[in-house]
Amino acid sequence: MNMGKIILVGATKGGVGKSVSSYNLAYSLASEGKTVLAVDFDSQANLSTCFGIEDPAAVPVTIGHLMMTQIDDEELPEPSEYIQSRNGVDFIPASMVLSAVDAKLRLEMGAERMLANILEPLRDAYDYIIIDTCPALGALTINALAAADSVVITVNPQLLAMKGLQEFLKTIKKIKSRINPKLEVEGILLTMCEARTNLCKVISEQLTDTFEGQIRIFNSKIPNTVKVGESVYYSEPLLEYAPQTKACQAYLDFGKELIGYESKSA
Ligand SMILES: Nc1ncnc2c1ncn2[C@@H]1O[C@H](COP(=O)(O)OP(=O)(O)OP(=O)(O)O)[C@@H](O)[C@H]1O
Ligand SMILES: [Mg+2]
26 MNMGKIILVG
36 ATKGGVGKSV
46 SSYNLAYSLA
56 SEGKTVLAVD
66 FDSQANLSTC
76 FGIEDPAAVP
86 VTIGHLMMTQ
96 IDDEELPEPS
106 EYIQSRNGVD
116 FIPASMVLSA
126 VDAKLRLEMG
136 AERMLANILE
146 PLRDAYDYII
156 IDTCPALGAL
166 TINALAAADS
176 VVITVNPQLL
186 AMKGLQEFLK
196 TIKKIKSRIN
206 PKLEVEGILL
216 TMCEARTNLC
226 KVISEQLTDT
236 FEGQIRIFNS
246 KIPNTVKVGE
256 SVYYSEPLLE
266 YAPQTKACQA
276 YLDFGKELIG
286 YESKSA
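The opening position of the sequence shown corresponds to residue 26 in our numbering, with each subsequent residue numbered one higher.
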């Protein structure tokens, strides 16, 4: 029996590659023979789109519905009613229902563990559960942090993503001491690293200097490539759409680093 590890992919910035990284990481882990469940925990439903959901509003049971059920203290449906599958990776879609959940959570007391309660029973069925989160540090992200074992923080050097980083780390620390003692920072993943501009190198060095010995900076860095946008458009992971690209290799290496294999890109 598995004892799945729950990994949150997060950042306090928008557009830094959280959804794309959640999606491709899920397939990288699957290609290593791992069983993976990806959870879309953003009402924008970008991850659901990656998985080929064209109209999230038409999905009968999304993570938002499950959250509502959990908040209302009602019984959850069978996993077969809400877990979907595409090319060997399972996923739970999101929709706008999640923004109603966000509003509702703010009025509830002690409702930080709603997502944890939904995901805990699913651990047995997976090696990894990946949660894609929204960029706001609100009630939803707090629920996701309460459910997770660890956090992968995505940083896009082009978006001054360093700025919100300290604030995010502070929140993680608070959640760890108040709600979820097992929570750890898995590491920082640099996305959309434009090698030509040298910015990627500068930011990596800055991150290494700042967090040496405290937070791992993954050796794998995700290059900037139009293939990513194209693959999302076609609802295919890079492993299907552009397996020969550097970005695909980087996500494969990242998956191996997470699992704990020796990284080739060091
Ligand atoms: N390595 C990459 N190279 C080029 N474009 C990328 C790369 N990674 C992501 N993108 C593009 O950048 C945009 C933002 O990516 P993504 O949706 O993954 O970010 P996000 O952090 O999830 O955003 P949000 O905060 O809105 O949820 C998307 O249009 C995506 O296709
Ligand atoms: Mg996203």
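Virtual Cβ for every residue (Gly too), placed ideally from N, Cα, C. Note that the structure is predicted; figures quoted are calculated from it, not measured.
Beta-bridge pairing of residue i - partner residues as DSSP gives them
i: D115; result: L62 and S110
i: L33; result: I156 and V176
i: I242; result: I213
i: C218; result: P248
Length of the line joining the Cα atoms of residue i and residue j
i: A291; j: A267; result: Note that A291 scores a pLDDT of 39, beneath 50, so its modelled location is shaky; the value from the coordinates is reported in the next line. So the alpha carbons of these two residues sit roughly 22 Å apart.
i: N141; j: Y258; result: Here residue 141 is Ala; the residue named in the question, Asn, does not match the sequence. Roughly 31 Å between the two C-alpha positions.
i: T179; j: I88; result: 23 Å
i: V114; j: G29; result: 14 Å
i: D80; j: T235; result: 43 Å
i: V253; j: L277; result: 14 Å
i: I32; j: V64; result: 10 Å
i: I78; j: S229; result: 35 Å
i: A275; j: S105; result: 33 Å
i: E57; j: N27; result: 15 Å
i: G285; j: A55; result: 15 Å
i: V41; j: H90; result: 27 Å
i: L208; j: F76; result: 27 Å
i: L123; j: K129; result: 10 Å
i: T37; j: L224; result: 20 Å
i: T137; j: T222; result: It should be noted that the sequence gives Glu, not Thr, for residue 137. About 42 Å.
i: A125; j: L101; result: 18 Å
i: Q191; j: K198; result: 11 Å
Sequence-distant residues of its chain with Cβ nearer than 7 Å to residue i (five each side left out)
i: G39; result: P160
i: M139; result: M92, Q95, I96 and N168
i: S288; result: No answer about S288 holds up, because its pLDDT of 40 lies below 50 and its placement is not dependable.
Among the options, nearest to residue i - alpha-carbon criterion
i: A82; options: V64, V114, M121 and E192; result: M121
i: E265; options: N112, I78 and G35; result: N112
i: A164; options: L147, Q239, Q191 and I200; result: I200
i: Q239; options: V210, L263, E219 and S256; result: V210
i: A172; options: P104, F66 and L263; result: F66
i: I204; options: G280, D174, C225 and P182; result: D174
i: M309; options: N181, F193, A169 and V45; result: Here the chain has residues from 26 to 291 only, and residue 309 is not among them.
i: T250; options: L263, R241 and V176; result: L263
i: K226; options: G285, Q269 and P182; result: P182
i: G135; options: A128, I96, V126 and T270; result: I96
i: S202; options: I167, F76, D98 and L283; result: I167
i: S110; options: S260, S124, K129 and L62; result: L62
i: E103; options: S260, K129, I143 and L123; result: I143
is_contact[residue i, chain C] using C-beta, thresh 8 Å
i: E219; result: Going by chain labels, chain C is absent from the structure shown, which holds only one protein chain.
Own chain partners of residue i with C-beta closer than 8 Å, once the 5 adjacent residues on each side are dropped
i: V84; result: S73, I78, P118 and S120
i: D149; result: M26, N27, M28 and G29
i: E133; result: I96
Contacts around residue i, its chain only, beta-carbon distance under 6 Å, and the 5 residues preceding and following it disregarded
i: V34; result: K43, S46, S47, D157 and V177
i: I242; result: I213, L232 and T233
i: Q269; result: none
- Does the stretch 203-217 touch the stretch 240-259, meaning 3 or more C-beta pairs lie closer than 8 Å? yes
- Could you tell me whether the stretch 141-157 touches the stretch 182-197, where touching means 3 or more Cβ pairs closer than 8 Å? no
- Stretch pair the stretch 67-78 + the stretch 117-133: three plus CB contacts closer than 8 Å: yes
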